[in-house]
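If you read the sequence shown in the working numbering, its first letter stands for residue 213, the second for the next number, and so on. The beta carbon of each residue, even a glycine, is placed where N, CA and C say it ideally should be. Right, one structure below, let's go through it.
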Amino acid sequence: MPNFYYTDANGQRGLINEVQLKALAVQGIITPNTPLETEAGHKGKAGQLKGLFATAPVTQTVPPNTTAQYFYVDENGQKQGLFNVQQLKELVAQGVITHYTPMETATGQKGLAEQIPDLFNQINIDKIYAFATSLMINEKQSATKTVDALVAHGVNAEDALVVVANIEQQLRTAKKSNGGKHMLYGALWCIGGTIFTAISYSAASESGGTFVLAWGAILFGGIQFLYGLFEYFTN
Numbered sequence: 213m214p215n216f217y218y219t220d221a222n223g224q225r226g227l228i229n230e231v232q233l234k235a236l237a238v239q240g241i242i243t244p245n246t247p248l249e250t251e252a253g254h255k256g257k258a259g260q261l262k263g264l265f266a267t268a269p270v271t272q273t274v275p276p277n278t279t280a281q282y283f284y285v286d287e288n289g290q291k292q293g294l295f296n297v298q299q300l301k302e303l304v305a306q307g308v309i310t311h312y313t314p315m316e317t318a319t320g321q322k323g324l325a326e327q328i329p330d331l332f333n334q335i336n337i338d339k340i341y342a343f344a345t346s347l348m349i350n351e352k353q354s355a356t357k358t359v360d361a362l363v364a365h366g367v368n369a370e371d372a373l374v375v376v377a378n379i380e381q382q383l384r385t386a387k388k389s390n391g392g393k394h395m396l397y398g399a400l401w402c403i404g405g406t407i408f409t410a411i412s413y414s415a416a417s418e419s420g421g422t423f424v425l426a427w428g429a430i431l432f433g434g435i436q437f438l439y440g441l442f443e444y445f446t447n
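What follows is the structure in structure tokens.
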């Protein structure tokens with residue numbers, strides 16, 4: 213069984229045996245017009261090999277949204293590739309490929325990345341939430357801008373809206389809880405200052421001396437309580 217070199221857009225590749233050649237034909241990487249060369253130097257076209265395309269004619273009509281497994285990526289007007297689906301998913305995770313990145317199969321069928329089944333279904337959800345949370349908290353981005361950023365990184369618009377809505381709910385819950393804590397601590401400071409003042413006043417009344425007005429603690433506690441009250445009811 214002879215071994216072959218084959219030539220694609222990136223130059224000559226090989227050596228591969230006939231079984232590997234058939235596998236590449238099924239995947240659409242090798243077409244009937246692909247140049248081949250044997251180890252002995254005989255040259256020709258893949259279509260000249262009998263039986264090579266007997267089970268692979270469908271690869272000539274496979275669009276990007278069905279079973280084609282190898283793709284070129286249009287990056288800044290330059291065609292990069294070939295990439296298999298797993299490699300494409302890694303590029304999605306890195307933000308290189310978005311839903312609207314132009315794609316082309318090895319057989320020349322063109323479309324968008326979002327047409328490739330399951331390409332965007334395996335993005336790590338934890339990374340999405342971490343990225344969105346960082347935008348909203350650390351970079352003070354609005355919900356709308358955060359959704360746009362997620363979409364630009366390959367998350368579909370509907371999922372991006374759900375992620376942002378969940379984060380906003382968590383932030384509201386956290387702020388409400390924080391407001392409750394401020395109310396509690398403010399009340400304790402205010403009550404403590406009032407009790408201390410009352411005790412001091414009572415002692416001064418009995419002895420005829422002066423008393424201490426713990427106005428600092430009362431004022432601080434009152435402000436803390438009002439701040440917590442505002443935070444609680446505005447979230």
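How long is the line joining the alpha carbons of residue i and residue j, rounded to whole angstroms?
i: Thr273; j: Gly320; result: With a pLDDT of 36 at Thr273, under the threshold of 50, the modelled position of that residue is not reliable, and the figure given next carries that caveat. The straight-line gap from Cα to Cα measures roughly 9 Å.
i: Asp371; j: His365; result: 12 Å
i: Ala377; j: Gly223; result: 49 Å
i: His394; j: Leu441; result: 8 Å
i: Ala369; j: Ser389; result: 30 Å
i: Gln290; j: Glu443; result: 52 Å
i: Ser354; j: Ala429; result: 37 Å
i: Leu227; j: Thr310; result: 35 Å
i: Gln299; j: Pro314; result: 16 Å
i: Lys387; j: Lys357; result: 21 Å
With burial defined as no fewer than 16 other Cβ atoms inside 10 Å of the residue's Cβ, what is the status of residue i: buried or exposed?
i: Lys234; result: buried
i: Tyr312; result: exposed
i: Gln436; result: buried
i: Phe283; result: buried
i: Thr385; result: exposed
i: Ile411; result: exposed
i: Lys301; result: buried
i: Leu248; result: buried
i: Leu264; result: buried
Spell out the partners DSSP gives residue i in its beta bridges.
i: Tyr217; result: Gly226 and Glu249
i: Val285; result: Gln292 and Met315
What distance in whole Å lies between the Cβ atoms of residue j and residue i, which are believed to be in contact at a cut-off of 8 Å?
i: Lys257; j: Pro244; result: 6 Å
Any chance the stretch 372-391 sits against the stretch 342-349, with 3 or more Cβ pairs inside 8 Å?
yes
Any contact of the stretch 427-436 with the stretch 393-408, i.e. 3+ C-beta pairs under 8 Å?
yes
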